[in-house]
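Written out below as structure tokens is the structure these notes cover.
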Amino acid sequence: MNNFTYTRATSLSDAVNQADADENSQFIAGGTNLVDRLKVFLDQPSQLIDISRLQMQGIEDMADGSLRLGALVSNTAVADNSYIRHNYPLLARAILSGASQQIRNMATVGGNLLQRTRCPYYYDTAFPCNKRQPGTGCPAITGINRNHAILGASEDCVAVHPSDMCVALAALDAVVEVASPQGQRQIPFADFHRLPGNTPQQDTNLQPGELITAVILPPLSWAKSGVYLKIRDRASYSFALISVGAAINVRGGKIQGVRLAMGGVAHKPWRATAAEEFLLGKSADIATFTKAAEIALQSAQPLTHNGYKVELAKRAIRRALMVSAQGGGIV
Ligand code: SF4
């Protein structure tokens, strides 16, 4: 770990002004991924700005019916919130499927969005890696790539985004609120994370020094039927091989609304918009869900070791949609 200066921000404006004054600074809150990266020299900030005491810890009802999650609300507090468990069960279950209780107690809403891939080549500095050092190469493409991307990858990076919570937020059309010395702005969740392209070193569309202040969940009455299905190598404390966040609104046997997102497949939480469009107005039955799963995976480009993900994802989509169409619950 390199030497760095530690400061504790006293207010939001203090935090963003400090970050603006030192382009090599980083914010720290729960630190559950950042500290791991510091230890192996992946991140070498000159200054850590501790934002953990700022007043961003509330879960608030907004006048328009949306729910505002402060960036410093712990993952545990979100998953335990009775309103969220009832109205956005997809989000609560996604969070509970990730990490461990101790990590969820420390991890924050904002930090969850900013965790970086767990590609083993990225963490092992004996290997080159375009995400760690642009232009050096991607050993995963010809190496062990069982856990890597099947959608939206590039010749420069085939890593996947690790978050479960972000799959749920993608499905729920969340909005990310950020602040800088220039003011505040909102970023639709679909535009927050990036595909790797030829700049895999950039995971998000945050500008330098911008700080996440909240995540907003728009109202969605039928999100109560939402489910989160996560498939992994072991039953706990493991990242998704494939995950599916789904919510479906069925009336009179026909699909009136649907949200479908996947994790473990791409550099960002993957919203299956073509499959959603296909599903609207169709009968909520297994044949329809099977076709939707085919559509969701039709552009998949598996690597040497991860072809199994294509079929696994199709089956997971079918099951998640089926369970959600029956009212939701544990998948
Ligand atoms: Fe690095 Fe991305 Fe390749 Fe992994 S997949 S080695 S993170 S460039």
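Residue 6 is where the sequence shown starts when you use this note's numbering, and the numbers rise one by one after that.
Beta carbons: idealized from backbone N, C-alpha and C, even for Gly.
Query: Quick one: using the 10 Å Cβ neighbour count with 16 as the cut-off for buried, is R98 buried or exposed?; Result: buried
Query: Taking DSSP as the reference, what is the three-state secondary structure of F32?; Result: strand
Query: How many whole angstroms separate the CB atoms of A325 and V249, which I take to be in contact at a CB cut-off of 8 Å?; Result: 4 Å
Query: For the putative contact between K273 and R151, defined by C-beta atoms under 8 Å, what is the C-beta separation to the nearest angstrom?; Result: With a Cβ gap of about 20 Å, K273 and R151 do not count as contacting.
Query: Going by the C-beta, is V163 closer than 8 Å to any heavy atom of the ligand SF4?; Result: yes
Query: In or out: Y127 buried (at least 16 other Cβ within 10 Å) or exposed?; Result: buried
Query: Quick one: using the 10 Å Cβ neighbour count with 16 as the cut-off for buried, is Q23 buried or exposed?; Result: buried
Query: Taking A329 as part of the alpha helix (DSSP H), name the residues at either end of that continuous run.; Result: In the sequence as displayed, the identity of residue 329 is Ser instead of Ala. Residues Y313 to A330.
Query: Measure from the alpha carbon of A301 to the alpha carbon of each residue in Y88, S288, M111 and E281, then state which is nearest.; Result: E281
Query: Here's the rule: buried if 16 or more other CB atoms are within 10 angstroms of the residue's CB, otherwise exposed. What is R264?; Result: buried
Query: Run the proximity test for F132: is its beta-carbon closer than 8 Å to any non-hydrogen atom belonging to the ligand SF4?; Result: yes
Query: So the candidates are L39, D55, Q31 and P50; which of them puts its Cα closest to the Cα of T15?; Result: D55
Query: Cβ of A145 within 8 Å of any heavy atom in the ligand SF4?; Result: yes
Query: With DSSP run on the structure shown, which of helix, strand or coil describes V99?; Result: Position check: residue 99 holds Ala in this sequence, whereas Val was assumed. It is helical.
Query: Could you pull the start and end residues of the beta strand (DSSP E) that T10 belongs to?; Result: T10 to R13
Query: Can the beta-carbon of A252 be found closer than 9 Å to that of S288?; Result: no
Query: For the beta strand (DSSP E) containing V180, name the first residue and the last one.; Result: V180 to S185
Query: Do you know offhand how far F194's Cα is from D41's?; Result: 26 Å
Query: May I ask you to report which of helix, strand or coil DSSP gives K273?; Result: coil
Query: Would you list the one or two residues that DSSP bridges to H198?; Result: T209
Query: Which whole-angstrom value describes the C-beta separation of D25 and G214, a residue pair presumed to lie in contact below a C-beta threshold of 8 Å?; Result: 5 Å
Query: Report, in whole angstroms, the separation of the C-beta atoms of N86 and R109, which I expect to be a contact under 8 Å.; Result: With 8 Å as the limit, N86 and R109 do not qualify as a contact, their Cβ atoms being about 13 Å apart.
Query: Who are the near neighbours of K44 in its chain, counting only those whose CB is closer than 8 Å to its CB and skipping five residues on each side?; Result: M6
Query: Distance, Cα to Cα, L39 vs Q120?; Result: 8 Å
Query: Quick one: Cα of I146 to Cα of R123, how far?; Result: 15 Å
Query: Could you check what DSSP says for I54 in three-state terms: helix, strand or coil?; Result: strand
Query: Can you find a heavy atom of the ligand SF4 that lies under 8 Å from the Cβ of P205?; Result: yes
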